[in-house]
Amino acid sequence: MGNYRQHITFASFLGGFYSAGAFFFLGVHWFYGTVATLLTTLSGLLPDLDSSSGVELKGFTGILGVLAALAVWDSVGKADPRPQFEVHLWAVVISYVLVRHGLRRVLSRLSKHRGISHSLPTCAVWGLLTYLYYPSKYHGLRVLMGVAVAIGFFSHLLLDEICSVDLRGARVNKAFGTAIKLWAPSPWTTLMMYALLSYLTWMTIQRWPTDPTQFDLPALDVPIQKYAEEILQKLKSVAKP
Ligand SMILES: [Zn+2]
């Protein structure tokens with residue numbers, strides 16, 4: 004069983020390789036690569052969302068809580084008429100607490116460790132979800148990120164499996180074969196996961212473009228030097244009396 008740190012390290016390593024490969028062979032801008040690496044790294048923790056005591060679970064629901072709060076802040080701010088500040092504030096706080104603590108409870112109740120979350124169909128589901136919902140209209144970018152998530156997820160299963168084999172050879176411990184698998188002990192969860200996978204596959208086929216030029220990535224301009232100079236200018240103007 005790989006631990007939290009091993010999973011992060013292994014996944015980020017693979018993510019870096021993936022992004023470098025995309026950069027050298029496909030000409031994908033390095034800045035997209037940094038996001039792909041980040042997604043791969045985080046996805047290396049996804050399968051352990053089912054362990055109720057996991058540091059992963061705490062970290063993840065924390066990140067999700069912040070994201071949910073930001074999303075609520077944004078959408079409440081766009082409402083018309085605009086609600087007063089106090090309503091706005093409570094909406095944000097409540098959504099954070101609900102996601103952070105509520106979701107963690109639900110997840111830890113629902114799931115059994117090394118159940119369906121450690122399986123190949125779940126890996127595919129996360130990849131497809133990323134492809135479908137990554138906030139970009141560019142097909143190529145969504146494919147890049149979907150694959151990044153799938154790689155991170157798979158790296159976790161692989162590491163769990165490797166760690167369950169005694170490296171000196173002969174002995175194979177009890178956890179062997181519980182990470183990379185096609186089904187869960189429970190037939191119902193397995194069935195539900197495959198139903199979800201079929202649905203997402205169908206959605207993906209619907210969205211997949213017929214025109215190959217749609218694989219092109221949007222041009223990206225990250226003028227880091229310009230940003231740095233601007234910040235420096237500001238700092239100088241502040242420093243001057
Ligand atoms: Zn695991």
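Oh and the sequence shown: position 99 is 102 in the working numbering, straight run, nothing missing. Ideal Cβ placement from N, Cα and C applies to all residues, glycine included.
- His32 has its Cβ no nearer than 7 Å to any heavy atom of ligand 1.
- Ile119 is the residue among Arg145, Ile119, Pro138 and Tyr197 whose C-alpha sits nearest the C-alpha of Leu52.
- In this structure, Gly155 and Leu223 do not form a Cβ contact; the two beta carbons are roughly 22 Å apart against a cut-off of 8 Å.
- Considering only Pro138, Leu185 and Lys140, the residue with the shortest C-alpha distance to Leu160 is Leu185.
- In the structure shown, the three-state DSSP call for Asp163 is helix.
- Taking 7 Å as the cut-off, the C-beta of Ala182 counts as close to a heavy atom of ligand 1.
- His91: member of the alpha helix (DSSP H) spanning Phe88 to Val100, first to last residue.
- In the three-state scheme derived from DSSP, where H, G and I count as helix and E and B as strand, Pro188 is classed as coil.
- Not one heavy atom of ligand 1 is found less than 7 Å from the C-beta of Pro124.
- Looking at the backbone, the Cα of Phe20 and that of Ile11 are separated by about 14 Å.
- Ala231 and Val225 have their C-alpha atoms roughly 11 Å apart.
- If you check the CB distance, Leu203 and Leu135 come in under 8 Å.
- Taking a cut-off of 8 Å on C-beta distances, the stretch 13–32 does not touch the stretch 124–138, as fewer than three cross pairs fall below it.
- Taking 7 Å as the cut-off, the C-beta of Pro188 does not count as close to any heavy atom of ligand 1.
- With contacts defined as CB atoms closer than 8 Å, Leu17 and Met148 fail to qualify as a contacting pair.
- Counting along the chain, the unbroken alpha helix (DSSP H) around Ile227 starts and ends at Ile227 to Ala242.
- Counting the other CB atoms within 10 Å of its CB gives Glu164 a total of 16 or more, which places it among the buried residues.
- Between the stretch 88–97 and the stretch 72–80 there are three or more inter-stretch CB-CB distances shorter than 8 Å, so the stretches are counted as touching.
- Between Tyr99 and Gly68 the beta-carbon gap is near 5 Å, inside 8 Å, which marks them as a contact.
- Annotation for Phe26: Trp33 and Gly36 place their beta carbon closer than 7 Å to its own, counting only its chain and skipping 5 residues before and after.
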